[in-house]
């Protein structure tokens, strides 16, 4: 029974989503790891092979430069002899007329030969012979030479005619020194012409035997750093570097693959060849062949691809990295699988919450699935609707609160204004018996009538200027005309725009009582209405009074004091600023600029809201 229960539990486990995901994961990991391991090994092997070939090509280019430098050194020495006057004079003579020219030619060549430290190892023999004279000038003669060198002996060489036919070219390849019978000394014979300075004819020859060390020495130095196989080609003659020298190489080869596209230099030829030696043994080689500056000369290196085994650890590391990449792919697959079962509904719920954060509290029925996550979605929808109701209630409460605050601020203005107006009438009645009292009373009645209306708080700027003119008439009588008020509007269309009622009056009042009056002399107040660079309306109220300290202007708009305070200016400015922000937004309101003893400018910033109006009151009085 226990065994049955065990199998039952096992069956139940494998029926779960977790078990299915685990099985899929293990299977996918196994498949992906096998594929990626194979692909990574192939790609890395090819990349290592390419790097190995290109590295060998780069090193081979340095080897070619070294060989070309050695050959160029010998050629430059020979060319200096070809154009030497002393050697030309020796070659021009048909019969020996003394040893003077011969001695001069010999001394010239020896002087230049000994001055070049590299020549003794590069040049085995050098003989100068005239075309018509029997004697020669031998500059270099190795100690092992066992045969007398003469002009007749040189001309009798079996390859002399070939050298004569291919002047200054290497056609015969590498040969043993013909003037030594004791041992074979490999050398490269060359024949260079000596031409008449004034006639297009040959008057002699320079016979040289170049040492194969010009080739083998750089190769030997190259092999001191690495182990490799080298082949050298002189036209159709092939040689292999063995035991420090070049030996003829006879083989049959077959090109299997052309890899020249991997070469860094367009003159480089890279091939995979199959060769057969004398015993018909097959060998597969990757050969890099580069031309030398000497026409018909090539050097080739066999890339030892066994060096790839030296990079096994790098390959393994690469495979590990690729396996990590495979694991990442598996993670992506699991993310997709889980998104279909769990993550997708969760992401939909997250998106629903973000929409709620952005202010969308509408019910989303797509998140109410018939499972546990659907219950969560339903709960979120219920909460969002409750939050919406609470927010609407809060907005209504805030609206009412703002309305109450606005009314309280408005109520602070009216008593203040009425008090000062009545006080002005009292002063006029006490001081003088003037008909101006009638005009003041008329202006006051208009003001009181406007206050009593209270149907709307927004009026046109034209209407507001009319109110400020009625107010200023009263103040003019009080101060005996020592205070003037001027208004200017840049565009009459601005007069039809809306402004809060009694915005200008507190500012003008403060300009009189706290700017001009303390100065004790006449003063002027200007009102300038225009549009700023942002196309908003700007109204500047400027007085030439006593000004304010910078510290006071910085805190003036935030100052609050009880109604009984003497700081009527601060109260008025602060109230006007708050009223404007309540009505139009926080980006609008008042700003103050002042300089002690010179001026004060209070600027009003309003939105441009042009509306039709029948209010045609003339404010220019």
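Residue numbers (our numbering): 250 to 870. The beta-carbon is built from N, C-alpha and C at its ideal position, and this holds for glycine as well. Bear in mind that the values here come from a model prediction, so they are computed numbers and not experimental data.
Per DSSP, the bridge partner or partners of residue i
i: residue 849; result: 792, 843
i: residue 859; result: 746
i: residue 326; result: DSSP, once it has assigned bridges, lists no residue as partnering residue 326.
i: residue 551; result: 478, 536
i: residue 374; result: 458
i: residue 440; result: 456
i: residue 496; result: 489
i: residue 786; result: 780, 855
i: residue 838; result: 854
i: residue 531; result: 525
i: residue 280; result: Beta-bridge pairing links residue 280 to no other residue.
i: residue 483; result: 486, 546
i: residue 379; result: 453
i: residue 707; result: 749
Status (buried if at least 16 other CB within 10 Å, exposed otherwise) for residue i
i: residue 747; result: buried
i: residue 421; result: buried
i: residue 480; result: buried
i: residue 538; result: buried
i: residue 601; result: buried
i: residue 300; result: exposed
i: residue 760; result: buried
i: residue 729; result: exposed
i: residue 510; result: exposed
i: residue 726; result: buried
i: residue 845; result: exposed
i: residue 719; result: buried
i: residue 826; result: buried
i: residue 792; result: buried
i: residue 736; result: buried
i: residue 851; result: buried
i: residue 296; result: exposed
i: residue 544; result: exposed
i: residue 525; result: exposed
i: residue 209; result: Summary: the structure shown does not reach residue 209, with the chain confined to residues 250 through 870, and so no result is reported for it.
i: residue 753; result: buried
i: residue 575; result: buried
i: residue 383; result: exposed
i: residue 407; result: exposed
i: residue 357; result: buried
i: residue 318; result: exposed
i: residue 616; result: buried
i: residue 349; result: exposed
i: residue 434; result: buried
i: residue 504; result: exposed
i: residue 715; result: buried
i: residue 767; result: exposed
Residue range of the alpha helix (DSSP H) that includes residue i
i: residue 354; result: 349-364
i: residue 736; result: Counting along the chain, residue 736 falls outside any alpha helix (DSSP H), though it belongs to the beta strand (DSSP E) covering 732-738.
i: residue 760; result: 753-760
i: residue 831; result: 817-833
i: residue 393; result: No alpha helix (DSSP H) holds residue 393; DSSP gives it neither H nor E.
i: residue 336; result: 334-341
i: residue 802; result: 799-804
i: residue 715; result: 710-727
i: residue 403; result: 400-404
i: residue 414; result: 409-414
Host beta strand (DSSP E) of residue i (start-end)
i: residue 386; result: 385-389
i: residue 491; result: 486-491
i: residue 777; result: 772-780
i: residue 612; result: Note, residue 612: premise wrong, no beta strand (DSSP E); not H, not E.
i: residue 503; result: 501-507
i: residue 519; result: 518-525
Under 8 Å, with one C-beta from each stretch per pair, do the region 847-859 and the region 778-798 reach the 3-pair mark?
A contact between stretches requires three or more CB pairs, one per stretch, nearer than 8 Å, and the region 847-859 meets this requirement with the region 778-798.
Three or more C-beta pairs closer than 8 Å, one from the region 454-467 and one from the region 363-379: is that the case here?
Yes: the two stretches touch, three or more of their Cβ pairs being nearer than 8 Å.
Stretch pair the region 764-777 + the region 826-839: three plus CB contacts closer than 8 Å:
With a cut-off of 8 Å, the region 826-839 and the region 764-777 do not count as touching, because too few Cβ pairs lie within range.
If you pair each beta-carbon of the region 428-436 with each one of the region 385-395, do three or more pairs fall below 8 Å?
With the cut-off at 8 Å, the region 428-436 and the region 385-395 touch.
If we count Cβ pairs, one from each stretch, closer than 8 Å, do we get three or more for the region 397-412 versus the region 493-503?
They do not touch, by the three-pair rule.
Hey, is the region 439-446 in contact with the region 332-347, meaning 3+ C-beta pairs nearer than 8 Å?
Enough Cβ pairs lie closer than 8 Å, so yes.
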